[in-house]
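Some notes on the structure that comes next.
See below:
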């Protein structure tokens, strides 16, 4: 179970919430349902701003309730991680709790594989606590 109580919420909209974890990473907690492009790009822009402001390069992405990415979202995300990692001058590191939706899970696997070839190091977890432990251990 992902423990979010007591953590400061940096930003929230219809897409989800961004939490600042004292372990030195952002928790990205996605909501269920379809996404408007404007809301989604705003959400990820706030994620980038938080990472830059804190000097962090790590996140725990809770995608369990997430709907599949559209092709347009996938293209934008791949470009976004490259931009963020270049701005931070560090690789992005993500612990990912995969979506329950089978189609979302397949799409995410493909997207993450392509992102890994660019500027994202990630690991997939079923357990949020194990994901948090891994993030704290990664430099």
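In the numbering used here, the protein residues as written are -16 to 122. Every residue, glycine too, gets a C-beta built ideally from N, C-alpha and C.
Quick check: residue 76 and residue 116, are their CB atoms within less than 8 Å of each other? No, the pair does not count as a contact, with Cβ atoms beyond the cut-off.
Our contact map puts residue 80 next to residue 112 with C-beta atoms below 8 Å; I'd like the distance itself, whole angstroms only. A Cβ-Cβ separation of about 11 Å leaves residue 80 out of contact with residue 112 under the 8 Å criterion.
So residue 169 and residue 40 are in contact, right, with Cβ under 8 Å, and what is the actual spacing, rounded? Here the chain covers residues -16 to 122 and nothing more, so residue 169 does not appear.
Anticipated Cβ contact below 8 Å, residue 9 with residue 42, distance rounded: So it is a contact: roughly 4 Å between Cβ atoms.
Whole-angstrom distance between residue 6 and residue 55, CA atom to CA atom: Near 32 Å, if we compare the C-alpha coordinates of residue 6 and residue 55.
Supposed contact pair residue 26 and residue -2 - C-beta distance, whole angstroms, cut 8 Å: A Cβ-Cβ separation of about 4 Å places residue -2 in contact with residue 26 under the 8 Å criterion.
Segments of 4+ residues assigned as alpha helix (DSSP H) that fall wholly inside the region -2 to 36: None, since the region -2 to 36 contains no complete alpha helix (DSSP H) of that length.
With distances taken Cα to Cα, identify the nearest neighbour of residue 20 among 59, 109, 13. Ranking the options by Cα distance to residue 20, first place goes to 59.
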